[in-house]
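Chemist:
So, in structure tokens, the structure goes:
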């Protein structure tokens, strides 16, 4: 009986500790981005986009911090607006440091320089599946938000391993809310 | 390409020397952001606004800028522009240290020059009027973001009207901020 009570208390303590730690640091959020891409073979397939993101940041490490995300990109192509693609991938924040030369970009709060690289699967209409590699060399992090500017990317067709697009995300802004 | 860029740089310098740039308001910022101008010369892709914003009075400001195609062709289409914007929700800047309205609206009148004409010659292309429903921040705080500007662009060569919009433009101020008072 006492052993069972002790086990129950230990389990409750662990559960409450985990709950408290989850509530103290936000680990999931949403974001948006604006950018454009150039098709390497067919310029009529070039597009611009506004993207919406759901992301999870479970670890919060200072270096090599992984996160996962899902993006939906709404694009304009050939003068029409469409859901251009859906992406699922991982982002690796390489480091965080408050000693950096980009404070003028976010002068209100102290920010950390937090460059990242990303790898995602991109599903476009018509069943095309691509790999997307992107980098965010100018990326600043506040406590619950990150801001990226001029993030370049390329996409690779997984059927024949050829480059399909190159592009730039002009802004990427993410907020952690949960 | 180099010839066109030389034209653009020359015109930007010329526009920077216009009377608004010598005004009494001493705030000066660098602007960058997104732009879309859906006239018959538009290519689907990313177009970037890059320029200088200068205060003229407590509620008027001047913008000198380029709007350039980045994708599909880097600098494939470059226009330069000048506009005058009026703050609808109060002072944007005050020489006596008042921080200005943190949330504001703008209405702008401007002119664009580029090659959006049948001869593809570098000349004045169009006039536009634009409305910015929300700006957040002030010159005093060092940064301001302009959201969802929408306007009508009149191409004077083709006599056509088209939509011009900016998803977001950020202004980073280098003069006229709180830092000047500290120093």
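Chains as they are written, first to last, in the numbering used here: chain L, 1 to 178; chain V, 1001 to 1183. Each residue gets a CB set at the ideal place from its N, CA and C atoms; glycine is no exception.
Would you say residue 38(L) reaches chain V, if we count a Cβ-Cβ gap shorter than 7 Å as a contact?
Modeler: Taking Cβ atoms only, chain V reaches closer than 7 Å to residue 38(L), which makes this a yes.
Chemist: Helix, strand or coil: how does DSSP classify residue 182(L) here?
Modeler: Outside the shown range of chain L (1 to 178) lies residue 182(L), about which nothing can therefore be said.
Chemist: For residue 1167(V), return the contacting residues in chain L, with the cut-off set at a CB-CB distance below 9 Å.
Modeler: Near residue 1167(V) (Cβ distances below 9 Å), the residues of chain L are 34, 50, 170 and 171.
Chemist: Using only alpha-carbon positions, find the residue among 98(L), 163(L) and 114(L) that is nearest to residue 130(L).
Modeler: The shortest Cα separation from residue 130(L) among 98(L), 163(L) and 114(L) belongs to 163(L).
Chemist: Among residues of its own chain, excluding the 5 on either side of residue 95(L), which ones have a beta-carbon nearer than 6 Å to its beta-carbon?
Modeler: 63, listed in sequence order.
Chemist: With which residues is residue 132(L) paired in a DSSP beta bridge?
Modeler: DSSP output for residue 132(L) lists 120(L) and 155(L) as bridge partner(s).
Chemist: Consider the Cβ of residue 1045(V): report whether some Cβ of chain L lies at a distance smaller than 7 Å.
Modeler: It does: the Cβ of residue 1045(V) has a partner Cβ on chain L nearer than 7 Å.
Chemist: Alpha carbon to alpha carbon, how far is residue 1181(V) from residue 171(L)? Give it in angstroms, no decimals.
Modeler: For residue 171(L) and residue 1181(V), the distance between alpha carbons rounds to 31 Å.
Chemist: Can you round the beta-carbon distance between residue 1128(V) and residue 1107(V) to whole angstroms, since I take them to be within the 8 Å contact cut?
Modeler: At roughly 11 Å, the Cβ-Cβ gap does not stay under 8 Å, so residue 1128(V) and residue 1107(V) are not in contact.
Chemist: So with Cβ pairs under 7 Å, would you call residue 69(L) a contact of chain V?
Modeler: Output row for residue 69(L): interface = no.
Chemist: Using a Cβ-Cβ distance cut-off of 7 Å, determine whether residue 104(L) contacts chain V.
Modeler: True, the Cβ-Cβ gap to chain V drops below 7 Å.
Chemist: Since residue 1181(V) is in the alpha helix (DSSP H), which residue starts that stretch and which ends it?
Modeler: 1178 to 1182 is the extent of the alpha helix (DSSP H) around residue 1181(V).
Chemist: Using a C-beta to C-beta distance shorter than 9 Å, which residues of chain V count as neighbours of residue 73(L)?
Modeler: Neighbours of residue 73(L) on chain V: none; closest Cβ ~13 Å, over 9 Å.
Chemist: Give me the chain V residues within the contact set of residue 46(L), using Cβ-Cβ distance strictly less than 8 Å, ordered along the chain.
Modeler: The contacting residues are 1043, 1044, 1045, 1071 and 1072.
Chemist: Looking at C-beta atoms only, is the number of pairs between the region 94 to 110 of chain L and the region 68 to 80 of chain L that lie closer than 8 Å three or more?
Modeler: Output reads no: the region 68 to 80 of chain L does not touch the region 94 to 110 of chain L.
Chemist: Counting C-beta neighbours from all protein chains within 10 Å, is the total for residue 1096(V) 16 or more, i.e. buried, or is it exposed?
Modeler: Classification of residue 1096(V): exposed, given that the 10 Å Cβ count is below 16.
Chemist: If the cut is a Cβ gap below 7 Å, which residues of chain V does residue 93(L) touch?
Modeler: None at all; the shortest Cβ gap to chain V is about 22 Å.
Chemist: Helix, strand or coil: which one does DSSP assign to residue 1036(V)?
Modeler: It is a strand residue.
Chemist: Would you say residue 111(L) faces chain V, with C-beta separation under 7 Å as the test?
Modeler: For residue 111(L), the answer is no, since every Cβ of chain V falls outside 7 Å of its Cβ.
Chemist: Going along chain L, which residues have a C-beta under 9 Å from residue 1143(V)?
Modeler: Residues of chain L passing the Cβ test: 104, 105, 106, 107 and 108.
Chemist: Would you mind working out which of 1036(V), 1025(V) and 1040(V) sits nearest residue 1158(V), comparing C-alpha positions?
Modeler: When only C-alpha atoms are compared, the closest one is 1040(V).
Chemist: Could you please tell me which residues of the region 154 to 168 of chain L, in chain order, have their CB closer than 8 Å to any CB of chain V?
Modeler: Taking 8 Å as the Cβ-Cβ cut-off against chain V, the residues of the region 154 to 168 of chain L that qualify are 166, 167 and 168.
Chemist: By the 10 Å Cβ neighbour count, where 16 or more other Cβ atoms means buried, how is residue 1098(V) classified, buried or exposed?
Modeler: The residue in question, residue 1098(V), is exposed, as its Cβ has fewer than 16 Cβ neighbours within 10 Å.
Chemist: Around the Cβ of residue 177(L), are there at least 16 other Cβ atoms within 10 angstroms (buried) or fewer (exposed)?
Modeler: When all chains shown are included, residue 177(L) counts as exposed.
Chemist: Where do the ends of the beta strand (DSSP E) carrying residue 115(L) lie?
Modeler: That residue, residue 115(L), is in no beta strand (DSSP E); it is neither H nor E in DSSP.
Chemist: Just mark residue 49(L) as buried or exposed, buried being the case when its beta carbon has 16 or more other beta carbons within 10 Å.
Modeler: Buried is the call here.
Chemist: Compare the Cα-Cα distances from residue 81(L) to each of 91(L), 37(L) and 47(L) and report the closest residue.
Modeler: Minimum Cα distance to residue 81(L) is reached at 47(L).
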